[in-house]
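Numbering (the working numbering), first residue to last: 61 to 323. For each residue, glycine too, the CB sits at the ideal point set by N, CA and C.
In structure tokens:
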């Protein structure tokens with residue numbers, strides 16, 4: 061593999077979880093790695109594609125529980141490359157979307173270690189595919205915004221809620237379960253219609269995936285009532301109406317119906 065010589069680092073997107081959604085390039089890089097530093101959300105099906113004998117090192121962060129600090133991860137990656145190994149840093153989704161890729165790139169470059177990025181499918185794309193809906197829709201959803209709940213957790217003055225409350229866009233919220241109430245209130249206060257369609261997708265692409273339809277004003281109750289412990293993506297916007305066809309998959313719940321009973 062001429063693009064994966066010893067002493068080289070690849071930051072690889074593991075996709076949303078289903079091994080079949082891994083890119084062919086990502087699979088090839090995994091099959092050639094000597095060591096794989098992987099996120100907590102990278103499942104066994106993806107890790108099984110690593111080369112037999114490769115060292116698998118968990119370095120993930122989940123819900124504030126950090127197995128390693130970012131600075132230590134940076135040092136481990138650089139040290140493995142300097143030791144002559146082919147290094148894969150395996151990240152859930154796409155490494156360029158809400159990942160600490162910038163820090164790892166900077167650490168490798170500062171150490172003179174060759175480093176490259178292999179993109180992956182991000183969770184919002186997988187969630188929309190499972191729902192059977194587009195993320196953009198001509199004439200109705202002309203833009204797509206990705207945001208993390210962490211970005212919405214600060215002072216209201218630090219967040220452009222008017223921009224996020226664009227009625228002609230789709231908003232994809234990562235890691236938003238705990239912040240669902242605040243997000244819904246702020247979006248409605250910024251002018252977004254309380255009846256705006258919402259979909260919640262937990263464990264997107266995995267066998268235990270769960271999907272729920274709701275609306276913006278019911279989002280806090282929906283997130284609290286129907287989501288479990290798995291990672292979830294919240295999608296907001298008019299394109300989500302496409303997820304509500306009569307022939308929808310039978311395993312999709314209706315958060316609207318569940319929350320109406322709780323009101």
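Handout entry: Simplified DSSP assignment, three categories, for residue 254
Key = coil
Practice task
Mind listing, in chain order, the continuous alpha helix (DSSP H) runs of no fewer than 4 residues lying wholly within the stretch 100-169?
Solution key: 104-107, 130-142
Exercise for the section: Rounded to whole angstroms, what's the CA-CA distance from residue 253 to residue 174? Just pull it up for me. Expected result: 48 angstroms
Practice task
Answer yes or no: do residue 270 and residue 262 have a C-beta to C-beta separation smaller than 8 angstroms?
Solution key: yes
Practice task
Could you tell me how far apart the beta carbons of residue 195 and residue 185 are, in whole angstroms, since I believe they sit closer than 8 angstroms?
Solution key: 7 angstroms
Problem - Contained beta strand (DSSP E) runs [length at least 3] in the stretch 185-227, N- to C-terminal order - result: 203-208
Handout entry: Assumed close pair residue 279, residue 244 - CB separation to whole angstroms, cut-off 8 angstroms
Key = 4 angstroms
Handout entry: Residue environment, residue 309, which counts as buried when at least 16 other CB atoms sit within 10 Å
Key = With a pLDDT of only 40 at residue 309, under the threshold of 50, the placement of this residue in the model should not be trusted; the figure read from the coordinates follows. Answer is exposed; the Cβ neighbour count stays below 16.
Problem - 6 angstroms CB neighbourhood of residue 75 in its chain, flanking five on each side removed - result: 81, 82, 180, 181
Problem - Cβ-based neighbour list, residue 89, same chain, cut-off 7 angstroms, excluding 5 preceding and 5 following - result: 64, 70, 72, 148, 178
Problem - Three-state secondary structure (DSSP) of residue 176 - result: strand
Practice task
Output yes or no for whether 8 angstroms exceeds the beta carbon distance between residue 296 and residue 233.
Solution key: yes
Practice task
Would you give the residue range spanned by the alpha helix (DSSP H) that residue 242 belongs to?
Solution key: 240-249
Handout entry: Reduced DSSP category for residue 297 - H, G, I as helix; E, B as strand; rest coil
Key = coil
Practice task
Return yes when the Cβ of residue 209 is within less than 8 angstroms of the Cβ of residue 171, no when it is not.
Solution key: no
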